[in-house]
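Just so we're aligned, residue 37 is where the first sequence starts under our numbering, counting upward by one.
We treat Cβ as the ideally placed atom computed from N, Cα and C, and that holds for glycine.
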Amino acid sequence: MNYKLLAERLLPGEYPDPAFYEEKYPARDLPKGAEVTRLAPSPTGFIHLGNLFSATADERLAHCSGGVLYLRIEDTDLKRKVDGAVEAVIKALKYFDIKFDEGAQIGGDETYAPWYQRQRAEMYRAFAKKLIEEGRAYPCFCTEEDLAALREEQTKNKEITGYYGKYAKCRDLTEEEIYKNLDAGKPFVIRLKSLGNPENKFKFHDEIKGDVTVTENDQDVVILKSDGIPTYHFAHAIDDHFMRTTLVIRGEEWLASLPIHIELFHVLGFPLPRYGHHCSLMKQDGETRRKLSKRKDPELALEFYRKEGYFPRAVKVYMLTLLNSNFEEWYLKNPDADLNEFPFKAAKMSRSGALFDLDKLNDISKNELSKLSEGEMAAFLEKWGAEFGTESQKAYFADEEKLLRVLTLCMGVGGKKRRKDFTTASQAMQFIKFFFERPAEHEAYRVTDGDRRAILAGFLRRYDEMDDAQVWFSKVKEIAAENGFAAEMKDYKANPEAYKGSVSDVAEVLRIATTGRANTPDLYTIMQILGDAETRARIQAEI
RNA sequence: GGCCUUGUGGUCAAGCGGUUAAGACGGCGCCCUCUCACGGCGCAAUCCCGGGUUCGAUUCCCGGCAAGGUCACCA
37 MNYKLLAERL
47 LPGEYPDPAF
57 YEEKYPARDL
67 PKGAEVTRLA
77 PSPTGFIHLG
87 NLFSATADER
97 LAHCSGGVLY
107 LRIEDTDLKR
117 KVDGAVEAVI
127 KALKYFDIKF
137 DEGAQIGGDE
147 TYAPWYQRQR
157 AEMYRAFAKK
167 LIEEGRAYPC
177 FCTEEDLAAL
187 REEQTKNKEI
197 TGYYGKYAKC
207 RDLTEEEIYK
217 NLDAGKPFVI
227 RLKSLGNPEN
237 KFKFHDEIKG
247 DVTVTENDQD
257 VVILKSDGIP
267 TYHFAHAIDD
277 HFMRTTLVIR
287 GEEWLASLPI
297 HIELFHVLGF
307 PLPRYGHHCS
317 LMKQDGETRR
327 KLSKRKDPEL
337 ALEFYRKEGY
347 FPRAVKVYML
357 TLLNSNFEEW
367 YLKNPDADLN
377 EFPFKAAKMS
387 RSGALFDLDK
397 LNDISKNELS
407 KLSEGEMAAF
417 LEKWGAEFGT
427 ESQKAYFADE
437 EKLLRVLTLC
447 MGVGGKKRRK
457 DFTTASQAMQ
467 FIKFFFERPA
477 EHEAYRVTDG
487 DRRAILAGFL
497 RRYDEMDDAQ
507 VWFSKVKEIA
517 AENGFAAEMK
527 DYKANPEAYK
537 GSVSDVAEVL
547 RIATTGRANT
557 PDLYTIMQIL
567 GDAETRARIQ
577 AEI
């Protein structure tokens, strides 16, 4: 068979030879040990926590080693394309501190562009043509029906499904048959002519999983689809070679196709990059657990976390906690360090899939938020509010001086102990709501109506905005005593039957009357912030 | 079903031949306290199962079992 002629018929025209591309995309000039990693999403625009998990690993591995992180778009499947998707992905990741050095829509060094696979079509064809010329790839005219029938037969016979060995019908087509099909205008794909033997197994070192057992590939996989666009496998080999990726970090669902990739790199004459297959973030689904999915877990979309107002650093801390088992310990010792100083290692990545734990994230969020100054918190809330806040919430930012006082109180700034009430921005806004809006609803009072009125009226009679906290509280005690409540907690505990309740019950009445709730930070300070008129008005309304 | 991967408390996990089997989250209890939050103290809860190897296995070997992944002209 004249492969040269066949190649020309299949992919007519002049294509550059491999040397041209090797020169066009030269090896990167980076320090020793620097990793080049990449994120290569398909442009569906949807991106969830699992993607961030993976992206964080890519980003850390690249930047901890003085290397490069780039963004490549795998748009070889037209059915998946969504407009504006790339921008959406970049924006979502940027919020969580994932910054690309180069890539689609990024700018930066254009040496390795283009970053969209559809724009690299010529290169893929050039290498496919070369493979055909070498007799290592061939046209296949099998239809979808043919393949379905084949699969059915193999399944019935309990054989491995796929296009391989004796089942690879088109592999053995004669020259005459091929040209006959071509003349008849039959559509075709280009398949790899695999030389592997599945009997052969060997060890392969995975940067995350350690040594894994790999079986030689014998599948004649499609490398060029009938529309001339490469499959993932083929594009992966060519792109990661010419973009000079050193470390391919991807989900473990790719481990099964590693043999294909190894053969492809080999047949193309490219050195193999190193690989790290990470486990997927799992979600409990009834009795079992499964990896995060786009269709089933919309609530795990990155957008959800932005909308709820999770603090970016908190999410990053959680990702690092899951990603590197020694991170948590390091962070405990270096609570104020730049997260990027943590020595991130692929080998420290977990080998088993972790369940996503919202409780843990929330705990981290509280801690991170509590470290902010009131000014930083105000800035964070304002930024969140501008995009996701209601109109009434946006109004909180008009009186900045008041907002800062509120935040100082609610965060315990200046005190020996910081408060940790806020998990997210949206929750914080709910928490501080009563400072800016009169409570529409009040939690139930636990004293009788008569006592409530007496307590509130007694307070109004005594309240003086100029009192300091001690004087203020002594007045609350007076009211307690006056109405049959114990002024001192010790007295109440010693003899609970003698009283209707204690100062705490009296304070609770005042608290509910002014804020609508039974649980708040220091009431005295709240009244100071609200001001005399507002405090009195709220209490009067509850008498 | 074949192949690959994984199996330490409810969750994330350290440990890698001898440990009272770390720590964090969550749960529960107590203390602090005008409530809440914070903080402090404490409690419950774990080595998938069965065989070996060994004086001794959570750690090593073999076999089960379970879970996850994968078997496309999708990535």
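In three-state terms, what does DSSP make of residue i?
i	result
Gly-49	coil
Ala-480	coil
Gln-141	coil
Ser-388	coil
Thr-251	strand
Ile-226	strand
Lys-330	coil
Pro-307	coil
Ala-63	coil
Tyr-174	strand
Asp-242	strand
Tyr-152	strand
Lys-536	coil
Lys-369	helix
Lys-127	helix
Met-502	coil
Excluding the five sequence neighbours on either side, which residues of its own chain have a C-beta within less than 7 Å of the C-beta of residue i, listed in chain order?
i	result
Val-122	Pro-79, Ile-109, Ala-140, Gln-141
Ala-91	Leu-75, Leu-129, Ile-134
Ala-162	Tyr-51, Pro-52
Ala-63	Arg-280
Asp-256	Tyr-199, Tyr-200, Ala-204, Arg-207, Arg-227, Leu-228, Lys-229, Ser-230
Asn-360	Phe-380, Lys-381, Lys-384, Met-385
Ala-493	Ile-579
At what residues does the alpha helix (DSSP H) containing residue i begin and finish?
i	result
Ala-185	180 to 192
Pro-295	294 to 304
Thr-92	85 to 100
Arg-572	568 to 577
Gln-506	505 to 518
Trp-290	Taken as a continuous stretch (DSSP letters only), Trp-290 belongs to no alpha helix (DSSP H), as it is neither H nor E.
Pro-348	348 to 359
Asp-275	268 to 278
Tyr-341	338 to 344
Cys-446	436 to 447
Phe-136	Premise fails: Phe-136 is in no alpha helix (DSSP H) and is neither H nor E.
Leu-614	Past the edges of the chain, shown from 37 to 579, lies residue 614, and the structure says nothing about it.
Ala-400	First, the amino acid is wrong: residue 400 is Ile here, not Ala. First-last of the alpha helix (DSSP H) with Ile-400: 394 to 406.
Lys-469	469 to 472
Quick one: using the 10 Å Cβ neighbour count with 16 as the cut-off for buried, is residue i buried or exposed?
i	result
Ser-462	buried
Arg-574	buried
Pro-307	exposed
His-241	exposed
Gly-103	buried
Asp-254	buried
Ser-401	buried
Gln-429	buried
Ile-491	buried
Asn-9	Residue 9 is absent from the structure shown; the chain starts at 37 and stops at 579.
Thr-556	buried
Glu-544	buried
Phe-363	buried
Glu-243	buried
Lys-245	buried
Between which residues of its own chain and residue i is the CB-CB distance below 6 Å, once the five residues before and five after are set aside?
i	result
Lys-222	Phe-177
Gly-425	none
Leu-397	Tyr-354
Leu-405	Phe-347, Phe-458
Met-37	Glu-211
Beta strand (DSSP E) containing residue i: first to last residue?
i	result
His-314	310 to 314
Ile-259	258 to 260
Met-318	318 to 321
So who's on the other strand from residue i, going by DSSP bridges?
i	result
Thr-73	Leu-105
Leu-585	Since the first and last residues shown for the chain are 37 and 579, residue 585 lies out of range.
Lys-40	DSSP, once it has assigned bridges, lists no residue as partnering Lys-40.
Ala-522	Ser-538
Ala-324	It should be pointed out that residue 324 corresponds to Thr in this sequence rather than to Ala. Partner(s): Asp-321.
Tyr-200	Gln-255
Ala-461	According to DSSP, which records beta bridges pairwise, Ala-461 is partnered with nothing at all.
Lys-237	Thr-251
Which residues in the same chain have their Cβ closer than 8 Å to the Cβ of residue i, if we skip the five residues on either side of it in sequence?
i	result
Leu-183	Tyr-199
Ala-124	Gly-81, Ile-83
Tyr-61	Thr-147, Tyr-148, Phe-278, Met-279, Arg-280
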